[in-house]
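Peer 1: Take a look at the following structure, please.
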Amino acid sequence: MRAMRSEGADAGWSLVVPLKPLVRAKSRLSGAVGERLRPQLALAFALDTVTAVLACEDVVDVAVVTDDPAAGERLAALGAHVLADVPGRGLNAALAHGAAQVRRRRAGAAVAALNADLPALRPAELSRVLTAAAAFPRAFLADAAKIGTTLLSAAPGVELAPAFGGPSRARHRESGAHEILLPGTESVRRDVDTGADLLAALELGVGPYTARCVPGIRDRAGLEGVRTSGA
């Protein structure tokens with residue numbers, strides 16, 4: 232991470248990953264996978280995401296902001312720092328809180344917010360995105376639909392200023408953040424909100440936690456032969 236060093240900066244990235252309480256997470260998946268499996272998948276997505284992040288050589292630490300005790304315990308066991316969602320005012324307030332807490336520990340940290348629903352995430356692709364982001368004060372990566380955002384970064388000393396939710400790609404661009412346009416970053420873009428998104432992630436190859444859930448999916452049409460990413 233020499234490219235993002237500056238005076239007073241710490242080497243390496245701190246990532247902030249937000250996770251809703253599982254009882255409310257991924258509600259749009261219920262129709263595709265059933266209500267029983269939906270919270271299990273939400274946790275599996277987060278576990279695969281954090282596992283891949285921690286395997287990325289550019290990442291120093293990961294802070295997960297969540298008010299779900301069971302999910303927090305599982306993610307802490309992987310090595311994540313778990314923070315309570317103290318603001319309780321939605322996604323962007325949680326991300327800003329997480330970034331502030333990270334910088335209390337590492338004042339010169341470069342920080343990136345990352346979605347918790349990237350079950351196909353590959354460490355090498357995340358590394359490429361972070362390397363590109365390091366060249367700008369703030370940068371972001373659009374999701375696979377090119378409407379939302381999966382990653383938003385802020386250089387040392389720069390406020391994260393997250394604007395996630397809905398058409399956040401446009402909002403982040405309008406805020407002055409640089410849009411990262413890199414080929415070969417599909418796993419960092421592929422968030423999962425719907426059954427179609429899940430099928431696309433499975434085609435890329437998901438991590439082991441999500442793969443273990445696949446046999447329980449109510450309608451398995453098209454889900455045979457699931458690959459794992461090895462993350």
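For reference, each letter of the sequence shown is one residue, going 232 to 462 in this note's numbering. Just so you know, even glycine gets a beta-carbon here, dropped at the ideal spot from N, CA and C. Since the model is a prediction, treat every value here as computed from it, not as a measurement.
By the three-class DSSP mapping on this structure, what secondary structure does F367 have?
Peer 2: Here residue 367 refers to the residue found at position 136 when the sequence shown is read from its first residue. Coil, per DSSP.
Peer 1: Have a look at A344 and P354 and give me their C-alpha separation to the nearest angstrom.
Peer 2: Residue 344 sits at position 113 when you count from the first residue of the sequence shown. Residue 354 sits at position 123 when you count from the first residue of the sequence shown. Each residue's Cα considered, the two are about 15 Å apart.
Peer 1: CB-CB under 8 Å to A363, same chain, minus the five flanking residues each way: which ones, in chain order?
Peer 2: Position 132 of the sequence shown, counted from the first residue, corresponds to residue 363. Cβ within range, chain order: A370, I411, L413.
Peer 1: Which of helix, strand or coil does DSSP assign to E390?
Peer 2: In the sequence shown, the residue the question calls residue 390 occupies position 159. Correct three-state label for E390: coil.
Peer 1: Please give me, in chain order, every unbroken run of the alpha helix (DSSP H) with length at least 4 that falls completely inside the region 241-322.
Peer 2: Segments of the alpha helix (DSSP H) lying fully in the region 241-322: 261-264, 268-285, 300-309.
Peer 1: Opposite A341 in the DSSP bridges: which residues?
Peer 2: Locating residue 341 in the sequence shown gives position 110, counting from the first residue. Per DSSP, W244.
Peer 1: Roughly how many angstroms separate the alpha carbons of G388 and A294, rounded to a whole number?
Peer 2: Against the sequence shown, residue 388 aligns to sequence position 157. Against the sequence shown, residue 294 aligns to sequence position 63. So the alpha carbons of these two residues sit roughly 18 Å apart.
Peer 1: Quick check: the Cα distance between V437 and F367, rounded to an integer number of angstroms?
Peer 2: Numbered from 1 along the sequence shown, position 206 holds the residue referred to as residue 437. Numbered from 1 along the sequence shown, position 136 holds the residue referred to as residue 367. Their Cα atoms are separated by approximately 30 Å.
Peer 1: Using the three-state DSSP reduction, which class does T362 fall into: helix, strand or coil?
Peer 2: Residue numbering aside, residue 362 sits at position 131 when the sequence shown is read from its first letter. In this structure, T362 counts as helix in the three-state DSSP scheme.
Peer 1: Using 8 Å as the Cβ pair cut-off and three pairs as the minimum, do the region 398-406 and the region 372-379 touch?
Peer 2: Verdict: yes, contact present.
Peer 1: Excluding the 5 residues flanking N404 on each side, which residues of the same chain have their C-beta closer than 7 Å to its C-beta?
Peer 2: Taking the sequence shown and counting its residues from 1, one reaches residue 404 at position 173. Note on residue identity: the sequence assigns Arg, not Asn, to residue 404. Closer than 7 Å at the Cβ level, and outside the excluded window around R404, lie E410.
Peer 1: Name the one or two DSSP bridge partners that L412 has.
Peer 2: Taking the first residue of the sequence shown as 1, we reach residue 412 at position 181. Paired residues: none, contrary to the question.
Peer 1: Which residues share a DSSP beta bridge with V445?
Peer 2: In the sequence shown, residue 445 corresponds to position 214, counting from 1. Answer is none; V445 lacks a bridge partner.
Peer 1: What do you reckon, are the CB atoms on L391 and A327 nearer than 8 Å?
Peer 2: As a first step, residue 391 is located in the sequence shown; it is residue number 160 there, counting from the start. As a first step, residue 327 is located in the sequence shown; it is residue number 96 there, counting from the start. It is a contact, given that the beta carbons lie within the stated cut-off.
Peer 1: Buried or exposed: where does E304 fall if 16 or more other Cβ atoms within 10 Å of its Cβ makes it buried?
Peer 2: Locating residue 304 in the sequence shown gives position 73, where the first residue counts as 1. So E304 counts as exposed.
Peer 1: Tell me the DSSP secondary structure of V463 in three-state form.
Peer 2: The chain is shown only over 232 to 462; residue 463 falls outside these bounds and no answer can be derived.
Peer 1: How many angstroms separate the CA atom of V247 from the CA atom of G265?
Peer 2: Position 16 of the sequence shown holds residue 247. Position 34 of the sequence shown holds residue 265. Going from the Cα of V247 to the Cα of G265 covers about 29 Å.
Peer 1: Taking three-plus beta-carbon pairs below 8 Å as touching, is the region 266-282 in contact with the region 427-447?
Peer 2: The answer is yes - the region 427-447 touches the region 266-282, with three or more Cβ pairs under 8 Å.
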